[in-house]
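Heads up, the thing below is written out as structure tokens.
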Amino acid sequence: TQSTRPQRLLGAVQKNATRGDPCSVVKAIDHFCRHKEWAMNVGDEKGCILDSVVSEINPATVLELGTYCGYSTVRIASRLPPHAKLITLEFNPDFAVIARQVIAWAGVEEKVQLVEGASGDWIPKMKEQFGIKTFDLVFLDHWKDRYLPDTKLMEECGLLRKGSVLLADNVICPGTPEYLEYVRNSPRYESRYFKSHLEYTKVEDGLEKSVFLG
Ligand SMILES: O=C(NC/C=C/[C@H]1O[C@@H](n2cnc3c(NCCO)ncnc32)[C@H](O)[C@@H]1O)c1cc(-c2ccc(F)cc2)cc(O)c1O
Ligand SMILES: [Mg+2]
67 TQSTRPQRLL GAVQKNATRG DPCSVVKAID HFCRHKEWAM NVGDEKGCIL
117 DSVVSEINPA TVLELGTYCG YSTVRIASRL PPHAKLITLE FNPDFAVIAR
167 QVIAWAGVEE KVQLVEGASG DWIPKMKEQF GIKTFDLVFL DHWKDRYLPD
217 TKLMEECGLL RKGSVLLADN VICPGTPEYL EYVRNSPRYE SRYFKSHLEY
267 TKVEDGLEKS VFLG
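In terms of this note's numbering, the numbers along the sequence shown are unbroken and rise by one, the last being 280.
Okay, here's the thing in structure tokens:
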């Protein structure tokens, strides 16, 4: 039977990356996606911006919306301080199966809780299920039309505190116009655009970093 692109991406990790070495996993995926098959990982260029935001915040609690194959999960987890927790939500079971193996190969499973399910169902349960008070950092990289409703849901559920940072992928391509309009015009956010390129291409894209002001 035919393999899927995520399965082939996992194969490239298992073939070319060193177990327990997150950087080699990230490099193996970037090489595969640049030279073999494009895939919707945040990628190396935007990934460096992600890395700098994570290092700047040094978060104890991180929420990722949209795990896909676990590329950004590994990038973030490998930069977290000890005892920090990254919860990543993925509602496609086939992608979750691949992501768990990528995360395990990188050796960062201690810091990662991959939760299978939809953000809309799980965001309201974060406190009771995982003992999370608020998130220091949220990385949004799931369906683009869900960025805004899920941000409003996180506000309503009290998961954001003064200083919580939202980092959103793809605000130009494919684009998240309603979300951008909201975080850039709401008095409750201080927002900034980091210009970059769509992963593995020369097309413009970027990340929007928005600090919740409480
Ligand atoms: O579409 C893009 N990303 C979507 C990611 C979806 C992943 O997240 C999962 N997911 C989605 N909604 C939810 C949800 N909650 C919401 C539903 O209840 N709860 C949990 N998990 C969710 C999916 O199962 C996938 O694993 C994209 C496209 C391009 C692109 C650019 C240019 C092109 F030409 C083509 C493509 C570039 C990018 O960087 C991109 O991120
Ligand atoms: Mg993306």
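Glycine included, every Cβ here is placed at the ideal spot set by N, Cα and C.
As the structure is a prediction and not an experimental result, all values here were calculated from the model.
With 16 other Cβ atoms within 10 Å as the buried cut-off, status of residue i
{"i": "residue 166", "result": "buried"}
{"i": "residue 138", "result": "buried"}
{"i": "residue 89", "result": "exposed"}
{"i": "residue 286", "result": "No statement about residue 286 is possible, as the shown extent of the chain runs from 67 to 280 and does not include it."}
{"i": "residue 269", "result": "exposed"}
{"i": "residue 107", "result": "buried"}
{"i": "residue 284", "result": "Because residue 284 is not part of the residues shown, which for the chain are 67 to 280, the question remains open."}
{"i": "residue 280", "result": "exposed"}
{"i": "residue 262", "result": "buried"}
{"i": "residue 112", "result": "buried"}
Near ligand 2: residue i beta-carbon under 6 Å from a heavy atom
{"i": "residue 96", "result": "no"}
{"i": "residue 207", "result": "yes"}
{"i": "residue 271", "result": "no"}
{"i": "residue 235", "result": "yes"}
Proximity test, residue i beta-carbon vs ligand 1 heavy atom, cut-off 6 Å
{"i": "residue 184", "result": "yes"}
{"i": "residue 255", "result": "no"}
{"i": "residue 114", "result": "no"}
{"i": "residue 71", "result": "no"}
Local conformation of residue i per DSSP, three classes
{"i": "residue 242", "result": "coil"}
{"i": "residue 105", "result": "coil"}
{"i": "residue 264", "result": "coil"}
{"i": "residue 98", "result": "helix"}
{"i": "residue 174", "result": "coil"}
{"i": "residue 84", "result": "coil"}
{"i": "residue 278", "result": "strand"}
{"i": "residue 144", "result": "coil"}
Using a Cβ distance threshold of 8 Å, determine whether the stretch 75-94 contacts the stretch 116-124, with at least three qualifying pairs required. These segments do not touch.
Count the C-beta pairs between the stretch 244-263 and the stretch 130-147 that are closer than 8 Å, then say yes if the count reaches three, no if not. Three or more beta-carbon pairs separated by less than 8 Å are not found between the stretch 244-263 and the stretch 130-147, which leaves the two stretches without contact.
Under 8 Å, with one C-beta from each stretch per pair, do the stretch 191-203 and the stretch 226-234 reach the 3-pair mark? With the cut-off at 8 Å, the stretch 191-203 and the stretch 226-234 touch.
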